Amino acid sequence: MPHSIADHPHPEMLHDDVAGVARAAEVLRGGGLLALPTETVYGLAADARNPQAVARIFEAKGRPRFNPLIVHVASVDQVEELAEVTPVARKLAEAFWPGAMTLVLPSRGKVADLVGGGLDTLAVRIPAHPLARKVLEAFGGPVAAPSANPSGRVSPTKAAHVADSLGSKVDAILDGGSCTVGLESTILAPDLRAVRLLREGGIAREAIEAVVGPLATDLTPGRVEAPGQMERHYATQMPLVVGGEARSGDLVIGFGSAPGDLTLSAKGDLLEAAANLFSVLHDADRLAMARGAERIRVTDIPEIGLGRAINDRLRRAAFQANQ
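Note that my numbering numbers the sequence shown so that position 169 is 237, with each residue one more than the last.
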């Protein structure tokens, strides 16, 4: 039996080996919470069919119950067991799965009700991370896994971020190193008339439009149709501002030729900046507090390609940090 939170004061640390994968699957089968590495960010994983386990995700994160979760599976066959896969959804799946794309599809009602946040749709993806795939295959079922951090805070891209932010609220942490993409998945709703972009993410809009044509972005203000749409999200502990001229009391995060105390990418590489974003925000928080800085200021990022997803995260972080 997996340890429960009451059994241990710290999460069990698992490694990228046969024993670690087997133990991770055992934790999931026993209704436990597992911090799982993916190529995007670390997820707080639980058996998506187990209502009690899913409820523990919301409790551990302090996540609103109306905010749906993404379900991770190992194959398109498993997706089809859980949701209706339309022809355009299949086209997207063939192009981008396994990978950093989530599809919001009509649900078949095969997972715990809490997963969908009260909606009749299901957000689902097939991750590309080799260790995540090994665990999903060993477990053999759907896994609900939002980011493994307190709701509204900076997402984790290292096992240490999870341990620092959630501690004993998670039963086990599977350490798979740093996440390579570093941004949560792009979320799409392939409706009958159009493919709607619900969240910018690890796959740039241009790459998706090359496959299915222009994406619709006419979202209803205030309506949550998928994870990551909350206006307040990704907040640092220190106030954060984006752009503008640096002032006394700022800890600056640079980009490209713009210098800073830290940088997202000295080369001005958006792929590198995306992979570094959350890790740099974690580091900036600690450094700003240690120095007694008044705020974190992030240099302007170009609004192209992955820059859109980076700016989306920064705008939401700045919104909450300055409330």
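Heads up, the beta-carbon is just placed ideally off N, CA and C, and yes, glycines get one too.
A quick note: this is a predicted structure, and the numbers were derived from the prediction, not measured.
Closest by C-alpha distance to residue i, when choosing among the options
i    : options                   : result
R124 : D353, L374 and L112       : L112
I138 : I378, P79, L190 and E148  : L190
A151 : P136, P174, R359 and P166 : P174
H140 : M169, V238 and D188       : M169
L382 : A341, A356 and V172       : A341
A26  : P327, A358 and A278       : One cannot answer for residue 26 here, as it falls past the ends of the chain, which runs 69 to 391.
G177 : S143, H83 and P119        : P119
CA-to-CA distance, residue j to residue i, given in whole angstroms
i    : j    : result
G414 : L199 : This structure gives no information on residue 414, because the portion of the chain shown stretches from 69 to 391.
S246 : K226 : 5 angstroms
R193 : E252 : 11 angstroms
V292 : G167 : 23 angstroms
V230 : A128 : 12 angstroms
I276 : G360 : 43 angstroms
F126 : D188 : 19 angstroms
L349 : N217 : 14 angstroms
A363 : A386 : It should be pointed out that residue 363 corresponds to Arg in this sequence rather than to Ala. Distance between the alpha carbons of R363 and A386: 10 angstroms.
D145 : A161 : 11 angstroms
Simplified DSSP assignment, three categories, for residue i
i    : result
R97  : helix
A196 : coil
V322 : Note that residue 322 is Gly in the sequence shown, not Val. G322 falls in the strand class under three-state DSSP.
M306 : coil
H229 : helix
D181 : helix
I241 : strand
A128 : helix
L332 : coil
R221 : strand
S215 : strand
Run of the beta strand (DSSP E) containing residue i, from where it starts to where it stops
i    : result
P258 : T254 to P258
P174 : M169 to P174
E80  : E80 to L82
L102 : L102 to L104
L187 : No beta strand (DSSP E) holds L187; DSSP gives it neither H nor E.
In DSSP terms, what residue i is bridged to
i    : result
A284 : R264
R365 : V309 and V320
L349 : L349 is not bridged to any residue.
A314 : DSSP lists no partner for A314.
G208 : G208 is not bridged to any residue.
Continuous alpha helix (DSSP H) stretch holding residue i: start and end
i    : result
E162 : P155 to F164
V139 : First-last for V139: I138 to H140, but that is the beta strand (DSSP E), not the alpha helix (DSSP H).
L112 : Where L112 is concerned, there is no enclosing alpha helix (DSSP H), although the beta strand (DSSP E) it sits in stretches over G111 to D115.
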